[in-house]
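Residue numbering for the sequence shown follows our numbering, beginning at 12 and increasing consecutively. All C-beta atoms, glycine included, are put in the ideal place defined by N, C-alpha and C. Below is one structure, written out as C-alpha cells; comments come after it.
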Amino acid sequence: MSVLIVDSPASAGHNVPPDNPEHPGRYAAVREALKTLTGPQWIESRSATRAELERFHTADHVERVLVACASAQAGEWQGLDWDTHVQQSSAAAGLHAAGGALEAVDQVMAGPVRRAFCLARPPGHHAEPNRVMGFCLFNSVAIAAEHALQAHGLARAAIIDIDVHHGNGSQCLAENNENVFFASLHQAPLYPGTGREGETGLNGNVLNLTFADNASAAHWRQRFEAEVMPALARFAPDIVLVSAGFDAHEADPLGGLNLTETDYRWVAGQIRTCADKFAESRLVSVLEGGYDCPALGRAAAAFVSGLSGAP
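Spelled out as C-alpha cells, the structure:
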C-alpha cells in the first residue's frame, strides 16, 4: 500500500540559533532521503487554524507563540524557553507542521490512501497545552488526535511515541481524554525527566517503557512486541498516530540507545499491522526528533518503507 508524504516546505524557514541541533538541515536530510523512494505520493501541508490548535492548546498558548514570532526582529530570535527560539518565519513552520498532521488525518479518513508520514519541523511532542518545551511550539500529534476524534467522529485514537525522549506533551492529552491511548518508549534518565516506568495515567490509558543508556535494540524490540502490541490490541484504536522520532538511533548525539535502520523498518511494520487489524489501516506518523542528519535521513526512509510494506 502506498504511503502519502505530507511535506511542509515552511519547515526550512524556521531558523534557530547557532549550535541548536534542531536546525533546518534536519528537514533537508529527511526530504532528500525520502525522495529516493519510488512508492510514496507527495502533497504539501496546509496551515492549521487557531481553532484547530485550540483543540489541544489553550488560546493563551497559541497567542503567546504567534505574538513572539511576529515581534521578533529581522535576524534575531525570541526565546520562549531556554532551548525553544523563534523568528518571524517560525509561525508558518509551526502552523504548517500542525496543519500537515491535520491534512494527513483528513487524507487517511477520505481514502484511498491509508498511511501517511508528515515531513515537518519543529517537532511537537514536548509541547504541553499551555507550554512550549524542548524545541516544540505546537503538539502536532496531539492536535491530530483531537481532530480525528472531534472532526471525524472516531471513538478511539492511539499515539505511539518512539522518540528517545518521553512525549510529555502528548501524555497530557491522554491524561485528559480517556479515548486516547498513549505509549512511549524512551531512555531514562533523559530529558525531560517525565514518563516513569509503570505509570498508567489517570485513565489507565498510558504505557511508559523506559530504557537505560546503551540498551540494546533487541531489548527495545522485545518490549515493543511484548507490551506495546498487546496494549494496542486491548485498546483497539480507530486510528493510529506515531510520534516518529529517530534519535534512538545508535548514531544520534542526544540519545544513548542503539536502534538502526533495520529496527525502524521493523517497528513501522509492527504498527502497520496494528492499524490494519483495528483501524482500517488508518495510520499517521509525524516527524519528531533525530539529530544526526545522515542517520536521520536513513532511518526515516527505512520507517516509511516499513509503513508501505516494501521489502
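Beta bridge pairing from DSSP links Glu55 with Asp18. In the pairwise beta carbon analysis, the region 61-74 is classified as touching the region 131-146: at least three pairs are separated by under 8 angstroms. The beta carbon of Leu265 sits closer than 6 angstroms to those of Asp258, Tyr302, all from its chain and outside the five residues before and after it, given in chain order. Non-local C-beta neighbours of Glu55 in its own chain, meaning closer than 6 angstroms and more than five positions away in sequence, comprise Asp18, ordered along the chain.
DSSP places Arg126 inside the beta strand (DSSP E), whose first and last residues are 126-130.
Contact check for Ala108 against Ala131 passes: the beta carbons are separated by less than 8 angstroms. Rounded to the nearest angstrom, the gap between the Cα atoms of Phe149 and Leu220 is 24 angstroms. For Ala102, same chain residues with a beta-carbon under 8 angstroms away, outside a window of 5 residues either side, are Val76, Leu77, Cys80, Ala81 in chain order. From the listed residues Glu208, Cys285, Phe222, Ala228, the smallest Cα separation to Ala242 is found for Cys285. Taken atom to atom, the span from the alpha-carbon of Arg207 to that of Ile282 is near 23 angstroms.
Rounded to whole angstroms, Ile173 and Leu48 show a C-alpha spacing of 22 angstroms. Under the 8 angstroms Cβ criterion, the region 112-119 does not count as touching the region 228-239, having fewer than three qualifying pairs.
Distance check between Pro123 and each of Ser316, Phe246, Leu15, Gly308 places Leu15 closest, using alpha-carbon atoms only. With three or more CB-CB distances shorter than 8 angstroms, the region 309-320 counts as touching the region 269-279.
A direct Cα-to-Cα measurement between Ala199 and Phe193 gives close to 17 angstroms.
In the same chain as Leu218, and ignoring 5 residues on each side of it, the C-beta atoms closer than 6 angstroms to its own belong to Ala194, Ala242, in chain order.
Rounded to whole angstroms, the separation of the alpha carbons of Arg293 and Ala155 is 13 angstroms. Looking at Glu63, Gln52, Gly50, Trp88, the one whose alpha-carbon comes closest to that of His25 is Trp88.
With a cutoff of 8 angstroms on beta-carbon distance, Gly105 and His96 are scored as not near each other. Counting along the chain, Ile170 sits inside the beta strand (DSSP E) bounded by residues 168-172. A distance below 6 angstroms between beta-carbons, with the five flanking residues on each side excluded, links Met120 to the following residues of its chain, in chain order: His163. Out of Ser151, Ala166, Ser22, the CA that lies nearest to the CA of Gly180 is found in Ser151.
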